[in-house]
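Chains as they are written, first to last, in my numbering: chain A, 66 to 332; chain B, 260 to 523; chain C, 286 to 517. In this text, a Cβ means the ideal position worked out from N, Cα and C, and glycines have one as well.
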Amino acid sequence: MLKRNKLALFGLIILCSLSIAAVLAPVIAPYDPSEIMENEIQRPTVKHFFGTDDLGRDILSRVLYGGRISLSVAVVAVLVALTIGILIGAISGYYGGILDEIIMRFTDVMLSFPSIFLILAIQSMLTPNIYNVMIVIGATSWMGIARLVRGEFLALKEREFVEAARAIGASNMRIIFRHILPNSLAPIIVAATLGMAGAILTESALSFLGLGVQPPTPSWGNMLMDSQTYLLDAPWMAIIPGLFIVMAVLSLYFVGEALRERLNPKE
Amino acid sequence: MEKLLEIVKLSVHYHAKDKIVKAVENVGLTVNEGEIVGLVGESGCGKSTLALSIMRLIDPPGSIYGEIRWRGRNLLNIHEKEMQKVRGEEISMVFQDPFSSLNPVFRVGDQIAEVFRYHKGSSRRQSWQKAAELLDLVHIKDPKQRARDYPHQFSGGMRQRVSVAMAYAMNPKLLIADEPTTALDVTMQKAILELLKELKTTMLFISHNIALVAGLCSRIYVMQAGRIVEEGSSAEIINSPKDPYTAKLVSSYKEINLEANRSQ
Amino acid sequence: MKLIEVNSVSKQFGHVKALDDVNFHVEKGESFGLVGESGSGKTTLARIILKLITASEGEIVYEGGFSRKDYQIVFQNPWTSLNPRMKIKAILKEPLDIHGVKKDVVQLLRDVELDESYLGKFPHELSGGERQRIGIARAISIEPKFIVLDEPVSSLDMTVQVGVLKLLKDLRSRLNLTLLFIAHDLSVIRYMCDRVAVMRSGNIVETGSVTEVYKDPQHSYTKLLLESIPKL
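Structure, rendered in structure tokens:
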């Protein structure tokens with residue numbers, strides 16, 4: 066798999082590094098992220114590589130643990146969106162007819178809600194925690210995937226190899242899962258990658274507003290929330306998590322775009 | 260008899276990833292004025308690449324080596340602007356697919372008229388007049404009316420006639436026909452071949468069907484895997500092929516058509 | 286004995302009448318040809334016979350009833366009729382799994398003159414002729430009674446066509462198959478078939494034994510088709 070695209074290569078490296086750092090956080094982090102170590106805010110020093118926050122907690126450790134949270138939210142949210150989206154899109158696209166009409170109108174309704182408000186509304190009604198953040202983000206971002214998958218199914222079900230499968234006696238289930246779905250992976254993968262970028266941003270926004278991951282569990286978003294009052298005095302409190310968010314999102318975009326280019330003129 | 264086209268040691272290489280695809284390798288081919296010369300070969304042999312090279316329609320990353328001498332000049336050395344004058348005026352081409360070689364959003368008359376407006380600077384009225392004449396020449400009924408129609412309103416066979424009209428518009432010295440009947444029904448095939456014969460233009464006729472080529476052409480080149488493997492008069496090629504590939508082409512055709520031919 | 290009987294079948298797609306009151310039958314064991322150009326309706330007819338689409342009017346009677354196991358098809362386009370993401374082994378195993386037929390896929394490959402090295406390959410690694418052979422292997426694997434061959438060699442080079450046609454002839458006699466052979470080329474039909482029906486614009490204009498139709502064509506369209514065959 067040649068990654069001639071320099072940006073994509075760069076993105077992939079960053080992504081891998083972030084993921085490894087997130088997984089190995091308990092091993093790499095120098096300190097406990099909740100441990101109050103100092104009496105006052107420390108600027109970045111050798112002891113605290115990224116400085117400390119207003120409560121004296123080491124930012125490097127927090128940002129590593131925060132990465133675990135943010136990245137796992139992204140992955141699970143996208144998995145939720147994929148599951149719902151693929152199921153709905155496949156059924157709609159494959160069976161067509163009235164079923165397709167109904168499902169698509171429902172999808173349109175969901176799409177016309179400004180999702181961020183929907184999420185805020187739901188989260189404010191529940192007790193926000195990491196789990197419902199994952200589900201809520203996933204449950205409000207499946208629509209694009211459903212449309213995509215429906216489009217792929219509409220096109221692919223007319224292809225001759227699908228007709229051939231029908232001719233040898235394949236059942237609808239077999240055709241959907243063994244024949245059509247494997248051939249529609251390309252746009253799904255692209256959507257998933259870009260979806261993860263979106264999920265990271267959404268989770269950050271939610272946590273920043275206090276409706277996402279609750280303190281003391283660190284997430285990049287709630288670290289930003291804490292940093293608000295100290296922007297001038299201790300800018301590193303905001304810059305570090307912000308930088309990590311940007312790196313994660315950008316690298317996902319680069320990889321996603323490269324995948325889209327590469328997988329597009331297929332075969 | 261003027262030697263119109265002389266291809267000397269032509270090679271066309273495409274650069275793909277980390278290897279070089281030699282689409283055309285060391286090809287030599289001549290077309291004299293007044294001849295209908297055939298080029299026969301199967302899929303992937305490079306015949307279309309050869310045709311496109313003559314018209315210099317090969318895009319990078321393709322590299323061309325050798326010479327394509329047209330009436331003395333090497334076409335590979337001239338400026339693109341000069342080549343544009345050659346295309347359409349001196350050498351023109353009829354392509355295989357009548358469905359994609361015409362622009363779907365322009366009227367058929369417009370597309371033919373454009374040839375005159377571009378090459379001769381003719382006025383709109385004059386060029387439309389010429390377009391209608393050409394449509395009549397290729398036996399399209401009600402040519403004036405039909406000129407106002409769009410490509411999708413024509414059948415495949417008729418679209419091919421329109422392509423022939425466009426190619427013939429400037430009375431070119433050489434017409435290259437690249438599998439002009441392959442995408443058409445059998446009955447249309449015959450009609451288009453008759454039409455091409457009627458025009459009496461010097462032609463390079465390219466096809467994978469040896470019978471079609473033999474029926475139309477006086478001389479035949481046989482191409483395989485980028486190379487010319489045999490050359491001769493149609494009678495020689497059909498009756499006493501020297502190259503094993505040529506022999507295979509002829510025998511395959513004969514095998515399927517032997518009984519049919521016997522009953523004619 | 287008639288294996289299938291097509292009775293007054295018509296098919297309408299919106300305004301277009303693709304098939305208009307088509308009647309013919311295919312005897313068990315024979316190779317029946319259906320010849321016509323584009324728009325003749327032959328492809329639509331093939332799909333109706335295989336219940337891939339439904340007729341607007343009329344019916345088809347199948348001796349012993351219809352089942353996917355007994356009635357199979359080989360498609361025209363070797364580039365689109367095989368799933369590009371499935372290996373050859375999986376493509377060949379699928380019909381066997383669906384119908385519970387136990388067969389050795391290597392033997393299937395040998396039946397179509399290919400060796401076992403093809404099992405691990407993907408369709409795009411095979412040539413057109415090889416792909417058609419896989420399509421044929423897939424169709425015969427579950428031992429059908431009847432196979433529709435929808436222009437099986439039209440997309441292939443002539444030097445490759447002969448090989449595939451010979452294979453089909455051989456398989457037909459060995460496996461006692463009944464064939465419906467669809468083509469636009471009368472010479473190929475002559476080579477492969479016993480009887481032929483000539484179609485034009487959704488109608489059958491002439492039927493008869495291949496020898497009769499060739500020697501003494503009755504309909505003007507049949508004559509036109511015969512004349513259009515380029516002679517060497």
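Collapsed DSSP secondary structure at residue i in the structure displayed
i	result
Thr441 (chain B)	coil
Trp329 (chain B)	strand
Arg529 (chain C)	Look at the range of chain C in this structure, 286 to 517, and you will see that residue 529 (chain C) is not part of it.
Ser440 (chain C)	coil
Gln503 (chain C)	coil
Val397 (chain B)	coil
His409 (chain C)	helix
Alpha helix (DSSP H) segment containing residue i, residue limits
i	result
Ser426 (chain C)	Gly413 to Ser426
Met417 (chain B)	Gly415 to Tyr427
Ala406 (chain B)	From DSSP, Ala406 (chain B) is part of no alpha helix (DSSP H); its letter is neither H nor E.
Asn362 (chain B)	No alpha helix (DSSP H) contains Asn362 (chain B), which DSSP labels as neither H nor E.
Thr172 (chain A)	Gly162 to Ser177
Gly349 (chain C)	Note, Gly349 (chain C): premise wrong, no alpha helix (DSSP H); not H, not E.
Met477 (chain C)	Leu471 to Met477
Thr328 (chain C)	Lys327 to Ile334
Met190 (chain A)	Ser180 to Met190
Thr258 (chain A)	Leu250 to Phe273
Leu213 (chain A)	Met208 to Leu221
Nearest-angstrom Cα separation, counted from residue j out to residue i
i	j	result
Tyr159 (chain A)	Leu377 (chain C)	24 Å
Glu457 (chain B)	Met352 (chain B)	17 Å
Val391 (chain C)	Lys451 (chain C)	21 Å
Met417 (chain B)	Asp396 (chain C)	44 Å
Leu191 (chain A)	Ala251 (chain A)	36 Å
Arg459 (chain C)	Leu434 (chain B)	50 Å
Gly297 (chain B)	Ile497 (chain B)	13 Å
Ile168 (chain A)	Asp97 (chain A)	48 Å
Ala426 (chain B)	Ser439 (chain C)	28 Å
Val490 (chain C)	Ser422 (chain B)	32 Å
Leu411 (chain C)	Thr446 (chain B)	32 Å
Gln188 (chain A)	Ala142 (chain A)	15 Å
Asn520 (chain B)	Met477 (chain C)	Note that Asn520 (chain B) has pLDDT 48, beneath the 50 cutoff, so the model's placement of it is unreliable and the number below is only indicative. Roughly 15 Å between the two C-alpha positions.
Phe466 (chain C)	Val433 (chain C)	6 Å
Lys268 (chain B)	Ile233 (chain A)	51 Å
Glu225 (chain A)	Arg480 (chain C)	28 Å
Leu394 (chain B)	Gln370 (chain B)	12 Å
Tyr318 (chain A)	Pro300 (chain A)	26 Å
Gln133 (chain A)	Glu326 (chain A)	The sequence given here places Arg at residue 133 (chain A); Gln does not occur at that position. About 29 Å.
Ser292 (chain A)	Ala90 (chain A)	22 Å
Leu399 (chain C)	Leu393 (chain C)	9 Å
CA nearest to the CA of residue i, picked from the options
i	options	result
Leu288 (chain B)	B:Asn516, B:Asp444, B:Ile487 and B:Ile515	B:Ile487
Gln297 (chain C)	C:Tyr356, C:Ile289, C:Glu290 and C:Asp306	C:Asp306
Lys501 (chain B)	B:Asp318, B:Val481, B:Asn516 and B:Tyr512	B:Val481
Arg330 (chain B)	B:Asn516, B:Pro431 and B:Leu452	B:Pro431
Leu309 (chain B)	B:Leu264, B:Glu349, B:Ile399 and B:Pro402	B:Leu264
Val397 (chain B)	B:Leu454, B:Gln412 and B:Tyr504	B:Leu454
Lys287 (chain C)	C:Ser402, C:Ser295 and C:Gly314	C:Gly314
Leu83 (chain A)	A:Ile310, A:Leu328 and A:Glu326	A:Ile310
Met199 (chain A)	A:Phe182, A:Asn237, A:Met175 and A:Ser272	A:Ser272
Arg423 (chain C)	C:Gln446, C:Ile383, C:Asn461 and C:Ser402	C:Ile383
Chain F residues whose Cβ lies nearer than 8 Å to that of residue i
i	result
Asp444 (chain B)	Here the protein chains are A, B and C, and chain F is not one of them.
Extent of the continuous beta strand (DSSP E) run through residue i
i	result
Gln107 (chain A)	Per DSSP, Gln107 (chain A) belongs to no beta strand (DSSP E) and is neither H nor E.
Met352 (chain B)	Ile350 to Val353
Burial state of residue i (16 or more Cβ within 10 Å)
i	result
Ala220 (chain A)	exposed
Pro194 (chain A)	One point to set straight first is that residue 194 (chain A) is Asn, not Pro, in the sequence displayed. Exposed is the call here.
Phe500 (chain C)	The amino acid at residue 500 (chain C) is misidentified as Phe; the sequence shows Lys. Classification of Lys500 (chain C): exposed, given that the 10 Å Cβ count is below 16.
Asn287 (chain A)	buried
Ala323 (chain A)	buried
Pro363 (chain C)	buried
Gln404 (chain B)	exposed
Tyr196 (chain A)	exposed
Arg127 (chain A)	buried
Asn308 (chain C)	exposed
Gln483 (chain B)	buried
Glu332 (chain A)	Residue confidence is low: Glu332 (chain A) scores 45 on pLDDT, short of 50, so the model does not pin down where it sits. No coordinate-derived value is stated.
Leu164 (chain A)	exposed
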